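Throughout the sequence shown, residue numbering follows the working numbering, covering 5 to 285 in sequence.
Ideal placement from N, C-alpha and C gives every residue a C-beta, glycine not left out.
All values derive from a computational prediction rather than experimental measurement.
Written out below as structure tokens is the structure these notes cover.
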Amino acid sequence: MSVSDRAETIASWEDRARAYHDLTERWPLFGAVAGRLVDELPEGFSGTALDLGAGAGLLSALVLERFPGARSVLVEPAPAMLAIAETRLGTRVAAAHVAPAEEVGRLGIRADACLANATAHLFDEERVLAGLRRVLPPGAIYAFNLWGHSFETTADEPAADWQAVVEGVFEEARLPRPEWPTAAVPRVRRRSGLERIARERGFELVTCRSDEDEISGTFHLDFALMAPTWLEHVPEDRRAELVARAREQLDQPIRVHSTRIVLVRRSASDDGDSQSVEEGP
Ligand SMILES: C[S@@+](CC[C@H](N)C(=O)[O-])C[C@H]1O[C@@H](n2cnc3c(N)ncnc32)[C@H](O)[C@@H]1O
5 MSVSDRAETI ASWEDRARAY HDLTERWPLF GAVAGRLVDE LPEGFSGTAL DLGAGAGLLS
65 ALVLERFPGA RSVLVEPAPA MLAIAETRLG TRVAAAHVAP AEEVGRLGIR ADACLANATA
125 HLFDEERVLA GLRRVLPPGA IYAFNLWGHS FETTADEPAA DWQAVVEGVF EEARLPRPEW
185 PTAAVPRVRR RSGLERIARE RGFELVTCRS DEDEISGTFH LDFALMAPTW LEHVPEDRRA
245 ELVARAREQL DQPIRVHSTR IVLVRRSASD DGDSQSVEEG P
């Protein structure tokens, strides 16, 4: 992702901070996917969990609820997101940094584990791992997940054609086609590539597991409604009716996939060839 694409992506989450928080409260899918990362923490975890791309604090809330002795350190580049997270999590947040994950090695953080939920597809993992090498002690885990669109085994699955359904509803109502916002297409990660990058930066990939969830096909519509610019040219008094019609047609079960990946920080004596890998610009 180029520097300007990264800045644009972060700005888009800044704008959607409150809407995203509300969406995660309405859709149990978010908690289910994040909860599987929390499952990867060692039993009785009572240390500091670094939450990378922490957003509005969904993942840390689950960590702190499951492990009463744990604390969270948050790293998140969108200030509006971080503000919601800090309010939500209170005094068990040991520190909160407005920064992208790529800068994690420069923030003076020491943590006992690192988790990243629903955000690692936006990272430059080479830089993130080079940074995490300074943050995590040997034996600590870095667990993250990738949505279906950004992992090799699920990236080619036909996406739910929810936009065509919405376009059909607009056509029936004799309205021009909605103009969908352009989003950066996430890079597809391969297990072999992640293994190599991890090894070069002092980590070992120990788990790579895909999970499937069945949800309503209205999910994508709700996601798009976080930034409803595509509804702007529709007269205000018709929007609710159009959305309701699309929702009715989309309300069929669909399956979504995510893959969780767990890396373990190797001991310094195992680092070997990774010593020369620097964090980069
Ligand atoms: C879908 S939200 C997930 C938030 C949170 N992890 C959760 O579990 O709900 C994606 C988050 O990634 C953040 N993000 C975008 N680019 C990032 C980067 N380069 N480094 C860290 N976080 C980033 C966004 O600001 C947003 O808060």
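For residue j and residue i, believed in contact at Cβ under 8 Å, the rounded distance
i, j, result
"V102", "P81", "6 Å"
"T123", "G39", "T123 to G39, Cβ: 16 Å. No contact."
"L267", "A177", "That belief does not hold up - the Cβ atoms of L267 and A177 are roughly 49 Å apart, past 8 Å."
"E44", "A147", "4 Å"
"S64", "L150", "That pair is no contact at about 20 Å."
"V260", "G152", "6 Å"
"L62", "N121", "7 Å"
"L225", "R251", "6 Å"
Distance, residue j Cα to residue i Cα
i, j, result
"F49", "E216", "26 Å"
"E18", "S196", "33 Å"
"L209", "R264", "11 Å"
"I14", "S271", "34 Å"
"L66", "R75", "11 Å"
"Q253", "A11", "35 Å"
"S16", "W184", "14 Å"
"L27", "F227", "7 Å"
"G221", "W166", "7 Å"
"L179", "Q256", "25 Å"
"G35", "G172", "32 Å"
"V97", "L136", "19 Å"
"L140", "V79", "15 Å"
"V7", "A244", "37 Å"
"V108", "V132", "7 Å"
"G51", "L68", "11 Å"
"R20", "G59", "10 Å"
"A159", "R110", "33 Å"
"R193", "M230", "27 Å"
"E199", "P182", "41 Å"
"V42", "C118", "10 Å"
"V77", "I145", "15 Å"
"A248", "W31", "18 Å"
"A89", "Y24", "12 Å"
"D116", "E236", "46 Å"
"E282", "R269", "Confidence at E282 is low in this model, with a pLDDT of 45, below 50, so the placement of that residue is unreliable and no value is reported for it."
"E129", "V238", "41 Å"
"D277", "E156", "Reliability of the predicted coordinates at D277 is poor, the pLDDT of 49 falling under 50, and the value obtained from them is presented with this limitation in mind. Between D277 and E156, the C-alpha separation is close to 27 Å."
"A84", "P46", "31 Å"
"R114", "R92", "23 Å"
"A87", "R213", "32 Å"
"F127", "R22", "22 Å"
"P285", "H125", "Note on P285: pLDDT 43, under 50, position unreliable in the model; the coordinate value appears next. Taking the straight line joining both Cα atoms gives about 20 Å."
"G94", "R138", "27 Å"
heavy atom of ligand 1 below 7 Å from residue i C-beta
i, result
"W184", "no"
"L127", "Per the sequence shown, the amino acid found at residue 127 is Phe instead of Leu. Yes - ligand 1 has a heavy atom lying nearer than 7 Å to the Cβ of F127."
"A85", "A small correction: the amino acid at residue 85 is Met; Ala does not occupy that position in the sequence shown. M85 Cβ: within cutoff of ligand 1."
"G152", "no"
"R10", "yes"
"F223", "no"
"L56", "yes"
"F34", "yes"
"E106", "yes"
"G59", "yes"
"T13", "yes"
"N149", "no"
"Y24", "yes"
"L62", "yes"
"W31", "no"
"T211", "no"
"T158", "no"
"D47", "Inspection of the sequence shows that residue 47 is occupied by Glu rather than by Asp. Checking every heavy atom of ligand 1 against the Cβ of E47, none is found closer than 7 Å."
"P239", "no"
"A38", "yes"
"T123", "yes"
"A82", "yes"
Which residues DSSP lists as bridging residue i, in chain order
i, result
"A117", "A53"
"A65", "Answer is none; A65 lacks a bridge partner."
"I145", "V268"
"W151", "S262"
"L86", "Note: L86 sits in no beta bridge, so no partner."
"S76", "A53 and V97"
"L209", "L267"
Chain D within 8 Å of residue i, Cβ atoms only
i, result
"D43", "Although the question refers to chain D, the structure presented lacks it and comprises just one protein chain."
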